[in-house]
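Asks: Residue numbers (my numbering): 73 to 264. Heads up, the beta-carbon is just placed ideally off N, CA and C, and yes, glycines get one too.
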């Protein structure tokens, strides 16, 4: 017990009223008894204060632990579905990316095919136009040759029949002047 008293004396608060200690020890009884009672009283107050602080903190710790446990349970319950949902979204994003890449490649190929087809169409249109020009020129040359032959034959016929110089011949000559196609000196005619 003396050891406990010594330990308690060491743990005494700094503000102990020394006059009370002296007054209580004057009666001739050992002076340690009132000091021990006072020390025990101070210790009991401190212990009560500490118990209250510990109890308050323990209640707070328990509340935090309950909250943490509830959060952990919620995470555990939802993490599976959230994880599956996130995985599904990731897979859909990857599929969409792959589709976009394939479609972009197809678009580029289609663009190349379209450009090649447009070039072929342009070349074919030019070839067709050239053929049309050649045909028109051939038709004009052929018409010109036939007209020249007809004119030559008419002159021969006129030469053979000089007395047929009447109004019928003048009408034919008038028709000749109207129907004759104009000559284009700048145009080259192909001879067959």
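Taking buried to mean at least 16 other C-beta atoms within 10 Å of its own C-beta, is residue 111 buried or exposed?
Replies: Label assigned to residue 111: buried.
Asks: Should residue 107 be labelled buried (16 or more other beta-carbon atoms within 10 Å of its own) or exposed?
Replies: Result: buried.
Asks: Just the C-alpha distance for residue 139 and residue 132, rounded to the nearest angstrom, thanks.
Replies: Their Cα atoms are separated by approximately 10 Å.
Asks: Any idea what DSSP makes of residue 214, helix, strand or coil?
Replies: Residue 214: helix per DSSP, three-state reduction.
Asks: Express the C-alpha separation of residue 195 and residue 246 in angstroms, rounding to a whole number.
Replies: So the two alpha carbons sit approximately 46 Å from each other.
Asks: Look up residue 233 in the DSSP assignment and say whether it is helix, strand or coil.
Replies: Three-state result, residue 233: coil.
Asks: Suppose you measure from the CA of residue 209 to the CA of residue 201; what does that come to, to the nearest Å?
Replies: Going by the C-alpha atoms only, they are around 12 Å apart.
Asks: If you draw a straight line from the alpha carbon of residue 127 to that of residue 137, how long is it in whole angstroms?
Replies: When rounded, the distance between both Cα atoms is 15 Å.
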